[in-house]
Every structure is written in C-alpha cells, then in structure tokens.
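Sequential numbering of the sequence shown, starting at 165, is according to this note's numbering. Glycine is no exception: its CB is placed at the ideal position from the N, C-alpha and C atoms. Note that the structure is predicted; figures quoted are calculated from it, not measured. This report refers to the structure that appears directly beneath it.
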Amino acid sequence: INIGLIIAYFFGLLFECKSDCYRDNGSGDGSYYLQSIIGPSLMCISGCILAILTLQRANENFYGCTNIIVAIWLILLTSILVLVCWNAYNMIYDDLGSNTVIYSDMVYGVCIW
C-alpha cells in the first residue's frame, strides 16, 4: 500500500500537475519543494522502515527498542505529518491543483495514510 500510494502521488505530481500546481509567486523560499516532494518521500521511507521492522519482529530477529528511540521515531513521524498536512492545507487555501483528479486525491490519501 505504501509504495503504491507514493507511486500514484508522484505520478499525479509529475504528469498531471506538472508546474501548474505549485507556483513560486515571487516568494523564492522554495517551501513548495519541501511540502510536495520531501514530506511524501519521507512518509514512504518511514513506512518502508516500519514494514521491515515489523517483518524482523515477526521472524523474532528484533526484540524491540528503548523508549527514547520510540520517542524520537514519534517526533519524526509527527514532523512528517505536519509536512504532508501543510501540503493539503496549501492545496485548499491557495486553490492549487484544483483542476487535477489524481493528484488532489493522492495528497489527501497521503495525509490519511
């Protein structure tokens, strides 16, 4: 599910949305790269890491980790959630990608995932 979701997201971003969805609007800060590319990519990477850890745990090769590692992991996941929800907020508030079908659905799918 994780890989399929991110493939559909980037398909919508690269082929359906192109450069029409994220305009710089003269600000020059590049935050749209952060919210549209880095956030979902980190979400996919963290999902793959969790899947590998779950498989290792099921095969009894991994017995858990300390509470501090769990706390750091939760902070990372929360920051990724902020990035992908920021992307969805900008799509709604700035009316970005309103003429797309796949991309707008995938942005919301990434937030829900």
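**OP:** Would you be able to state if there are at least three C-beta pairs under 8 Å between the stretch 268-275 and the stretch 249-258?
**Re:** yes
Original post:
Can you list, in chain order, the stretches of the alpha helix (DSSP H) that have 4 or more residues and sit fully within the stretch 225-249?
Top reply: none
Original post:
Between the Cα of residue 209 and the Cα atoms of 180, 257, 168 and 266, which residue gives the shortest distance?
Top reply: Working through the sequence shown from its first residue, we reach residue 209 at position 45. Closest by alpha carbon: 168.
Subject >> Counted within 10 angstroms of its Cβ, other Cβ atoms place residue 177 as buried (16 or more) or exposed >> reply: Against the sequence shown, residue 177 aligns to sequence position 13. Buried is the call here.
Subject >> Endpoints, the alpha helix (DSSP H) within which residue 199 is located >> reply: Taking the first residue of the sequence shown as position 1, residue 199 is located at position 35. Careful: residue 199 lies outside any alpha helix (DSSP H) and carries neither H nor E.
Original post:
Grouping DSSP H, G and I as helix and E and B as strand, with all else coil, what is residue 276?
Top reply: The residue given as residue 276 occupies position 112 in the sequence shown. Residue 276: helix per DSSP, three-state reduction.
Original post:
Are residue 206 and residue 244 close, meaning C-beta to C-beta below 7 Å?
Top reply: Numbered from 1 along the sequence shown, position 42 holds the residue referred to as residue 206. Numbered from 1 along the sequence shown, position 80 holds the residue referred to as residue 244. Contact flag set, yes.
Original post:
Considering residue 166, what are the terminal residues of the alpha helix (DSSP H) in which it resides?
Top reply: Taking the sequence shown and counting its residues from 1, the one referred to as residue 166 is at position 2. First-last of the alpha helix (DSSP H) with residue 166: 166-175.
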